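S.K.: As numbered in the UniProt record's numbering, residues 1 to 146 make up the sequence shown, in order.
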Amino acid sequence: IAAPAVPSRLELTPGYFQITATPHLAVYDPTVQFEFWFSEKRIADIRQVETSARYLGTALYWIAASINIRPGHDYYFYVRSVNTVGKSAFVEAVGRPSDDASGYLDFFKGEIGKSHLAQELWTQIDNGQLAPDLAEIRTSITDVSN
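1) Going straight from the alpha carbon of G72 to that of R96, what length do you get?
2) When you compare the CB positions of S39 and A53, do they come within less than 7 Å of one another, or not?
3) From the DSSP output, read off the bridge partner residues of L10.
4) Do V79 and F36 have their CB atoms nearer than 7 Å?
5) Which runs of the beta strand (DSSP E) spanning at least 3 residues fall entirely within the region 35 to 67, listed in chain order?
6) On the premise that S98 lies in contact with G15, defined as a C-beta separation below 8 Å, what is that separation, rounded to the nearest angstrom?
7) At which residues does the alpha helix (DSSP H) containing S145 begin and terminate?
8) In whole angstroms, what separates the C-alpha of R42 from that of T20?
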């Protein structure tokens, strides 16, 4: 048993205010997980990752999501393979979150309404304030009907 191999590639998938990092090994090894480190600036000396980047955690993939992850900016991921014996060297990947706001709005068009946004709005409406108006409308309807 030896320390794991370096990830053969690091796939970055842009999202809205997020980037998903998915490392891949050349040969699958179920004993391997990955350490994820993150930086808003490129680290020139990869030996400085542990002191210059922010440790995100250990997993099979990582979604870095935050209101601070903005379209139009590069973000750097440093990932290495880990197992019970040791750790590989880091690999670097740079990515940007999606800047396709209109695409997201088109995707959700018709999905946000009665079931989501409207429910939130209805909870903020004070029906007690409408009672006098409703009573007046009911009276008017009764008068017209008679």
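By construction, the Cβ of each residue, glycine as well, lies at the ideal position given by its N, Cα and C atoms. On a predicted model such as this, the values are computed, not experimentally measured, just so you know.
M.R.: In short, the structure shows the following:
1) Here residue 72 refers to the residue found at position 72 of the sequence shown. Here residue 96 refers to the residue found at position 96 of the sequence shown. So the alpha carbons of these two residues sit roughly 7 Å apart.
2) The count along the sequence shown starts at 1 and reaches residue 39 at position 39. The count along the sequence shown starts at 1 and reaches residue 53 at position 53. Yes, these two residues count as a Cβ contact at 7 Å.
3) Within the sequence shown, numbered from 1, the residue matching residue 10 stands at position 10. Partner(s): P23.
4) One-based indexing of the sequence shown puts residue 79 at position 79. One-based indexing of the sequence shown puts residue 36 at position 36. With respect to the 7 Å criterion, V79 and F36 are classified as neighbours on the basis of their beta carbons.
5) Runs found: 54 to 59 and 62 to 65.
6) By one-based count along the sequence shown, residue 15 stands at place 15. By one-based count along the sequence shown, residue 98 stands at place 98. Taking C-beta atoms under 8 Å as the contact rule, G15 and S98 qualify, at a distance of about 6 Å.
7) By one-based count along the sequence shown, residue 145 stands at place 145. It spans A131 to S145 - the alpha helix (DSSP H) in which S145 sits, taken as one unbroken run.
8) Looking up residue 42 in the sequence shown gives position 42. Looking up residue 20 in the sequence shown gives position 20. It is roughly 18 Å from the alpha-carbon of R42 to the alpha-carbon of T20.
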